[in-house]
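S.K.: First the structure, which I've put down as structure tokens, then a few questions once you've had a look.
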Amino acid sequence: MTSLPGIGRWTAEYAVGRGLGRYEGTLANDNALSESLREIFGQDAVNGPTDVRRLLGRFEQFSGYAAFYFILARVFAKTQPRLHHM
Numbered sequence: 204m205t206s207l208p209g210i211g212r213w214t215a216e217y218a219v220g221r222g223l224g225r226y227e228g229t230l231a232n233d234n235a236l237s238e239s240l241r242e243i244f245g246q247d248a249v250n251g252p253t254d255v256r257r258l259l260g261r262f263e264q265f266s267g268y269a270a271f272y273f274i275l276a277r278v279f280a281k282t283q284p285r286l287h288h289m
């Protein structure tokens with residue numbers, strides 16, 4: 204898939220996860236994921252995609268799921284819930 208113009212590793216890993224249900228990909232180049240892992244494991248824990256893959260490797264075939272949860276944890280931690288009153 205990455206041989207197609209404009210399709211990089213992130214897009215390929217995301218498409219395989221969402222389209223084929225294979226979540227062993229880690230989205231290791233995702234900036235939000237790297238920042239989330241730094242906040243959880245410490246600033247020195249993640250210095251690039253190799254470190255992201257190493258940290259998420261403990262989740263084995265579920266590493267893609269873990270990546271999404273770490274990204275969402277960062278998003279939710281940075282946003283305030285909004286209550287809508289009717």
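Quick note on numbering: the sequence shown equals residues 204 to 289 in this note's numbering. For every residue, glycine included, the Cβ atom is placed at its ideal position computed from N, Cα and C.
(1) Just to confirm, is the Cβ distance from Arg256 to Ala248 under 9 Å?
(2) In angstroms with no decimal places, state the Cα-to-Cα distance between Ala269 and Thr214.
(3) When you compare each of Arg212, Lys281, Leu275 and Gln264 to Ala231 by their alpha carbons, which one comes out closest?
(4) Going along the chain, which residues of its own chain have a beta-carbon closer than 7 Å to the beta-carbon of Ile210, five neighbours each way excluded?
(5) Which residues bound the alpha helix (DSSP H) around Leu240?
M.R.: Short version:
(1) no
(2) 17 Å
(3) Answer by Cα proximity: Arg212.
(4) Met204
(5) Asn234 to Phe244
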